[in-house]
Amino acid sequence: MGNILTRHFGKGWLLLVYAFLYAPLLFMIVFSFNSTRQDAVFTGFSLRWYQALLADSKIVNGFFVSLKVALTTGVLSAVLGTFAAFVLVRYRRFWGRTVFSGMVNAPLVMPEVIIGLSLLLLMVGAQNVFGWPQRGMLTIILGHTLMGMAYAMVVVQSRLLEMDRRIEEAAMDLGARPHQVFFLVTLPNIAQAVLAAFLLSFTLSFDDVVISEFLSGPGVNTLPQVIFGYARRGINPTIYAAATILIVVVTTVIVGYAVWVARATRRREREIAAAARAEAKTLGVR
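1 is the number of the first residue of the sequence shown in the UniProt record's numbering; add one for each residue after it.
Here's what the structure looks like:
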């Protein structure tokens, strides 16, 4: 009896955790198709809230603002995070390394409220002195990039630490210059990590509310800000419809990325095995 409990306790606990995490999402998806505004009784299947979603200009405009901000933030975070990770991994000693590392990692442990407030004071001060930047999409992108770059750096840094440096040294021995080694050898080997950093930064930016609240300007609101504003005024099944669409899109992207990574890994393993067989055959002939 004790062995049975021990064997199934972990599975049962895992099911409880999954139920706790995903049951609310399932509840929201189901009631996004409800025919009335009630959130406790399913009165019938209807697509009225999806029609209302398409007719809601605030949500539609917020979606496109969030998409532009997230795409720009993802690209900037991936690029800057890659450079920061490369510097910290490849150059162990340089003046100011400790300060640089601390500044890059600070957003990971700093509360978003503090980051948002600090950036707001900085932007207001810069605007008073230089007349730029105006609070809006640009300031949101700058704030999100500060946050996303830190997470991107961690992802790329872990891949660089695992990478075999002998590949880079072999390229330099064959006459490649440092920038050629980076773009022709290093970057292809960390491409999946850079893509993962982009997706993580994109997701964090698209989902952010706190920093966006501090840095947004008149007429510029991201989708999470619009949804949060609607949620404060009461139940609105249109929010359920918007969240359901986001869940479906994100799940599709994650599954597609996982399948792509799995296929790329298998293809690389086959190529390595074929190269090993060819080398063994060549040595056997000699």
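Every residue, glycine too, gets a C-beta built ideally from N, C-alpha and C. Quantities reported herein were computed from a predicted structural model and do not represent experimental measurements.
- Judged by their CB atoms, Ser205 and Ala70 are nearer to each other than the 8 Å cut-off.
- Within the stretch 210-262, complete alpha helix (DSSP H) segments of at least 4 residues are found at 210-215 and 223-232, given in chain order.
- Taking the CA atoms as reference points, Arg177 sits about 46 Å from Gly62.
- Annotation for Ser35: no alpha helix (DSSP H) segment contains it, and DSSP assigns it neither H nor E.
- In chain order, Ser35 place their CB closer than 6 Å to the CB of Gly44, counting only its own chain and leaving out the 5 sequence neighbours on each side.
- Taken through DSSP and simplified to helix, strand or coil, Phe64 comes out as helix.
- Rounded to the nearest angstrom, the gap between the Cα atoms of Ile272 and Ala278 is 10 Å.
- CA-CA distance, Ser66 to Gln134, rounds to 18 Å.
- When secondary structure is reduced to three states using DSSP, Phe94 falls in the coil class, being assigned neither helix nor strand.
- Of the candidates His144, Gln180, Met153 and Ile29, Gln180 places its Cα closest to the Cα of Glu168.
- Of the candidates Val220, Thr222, Thr98 and Ala241, the residue whose Cα lies closest to the Cα of Phe33 is Ala241.
- In chain order, Ser77, Ala78, Gly81, Ala197 and Ser201 place their CB closer than 6 Å to the CB of Ala152, counting only its own chain and leaving out the 5 sequence neighbours on each side.
- Counting of Cβ neighbours within 10 angstroms places Met149 among the buried residues, the total reaching 16 or more.
- Looking at the DSSP output, Phe45 sits in a beta bridge with Asn34.
- Rounded to the nearest angstrom, the Cβ distance from Gln225 to Val209 is 6 Å, consistent with a contact under 8 Å.
- Just so you know, the alpha carbons of Lys11 and Leu26 end up roughly 21 Å apart.
- The Cβ atoms of Ala85 and Leu160 lie closer than 8 Å to each other.
- For the pair Ile211 and Gly116, the CB atoms are nearer than the 8 Å cut-off.
- Thr73 places its beta carbon less than 8 Å from that of His144.
- No residue range can be given for Met163, since it is assigned to no alpha helix (DSSP H) and is classified by DSSP as neither H nor E.
- Just so you know, the alpha carbons of Ala23 and Asn221 end up roughly 29 Å apart.
- For Gln127, the uninterrupted alpha helix (DSSP H) segment begins and ends at Glu112 to Phe130.
- Looking only at Val194, Gly234 and Arg233, the smallest Cα-Cα distance to Val261 is reached by Val194.
- Nearest neighbour of Gly219 by Cα position, chosen from Arg266, Met137 and Phe94, turns out to be Met137.
- Nearest to Ala191 by C-alpha distance, out of Val129, Ser158, Val87 and Trp49, is Ser158.
- Using a Cβ distance threshold of 8 Å, Phe182 and Leu119 do not count as a contacting pair.
- In the three-state reduction of the DSSP assignment, Gln180 falls in the helix class.
- The residue among Asp173, Thr186 and Ala258 with its C-alpha nearest the C-alpha of Asp164 is Thr186.
- Annotated three-state conformation of Asp173 is helix, per DSSP.
- Cβ contact annotation for Ala171 (same chain, cutoff 8 Å, sequence separation greater than five): Gln180, Val181, Leu184 and Val185, in chain order.
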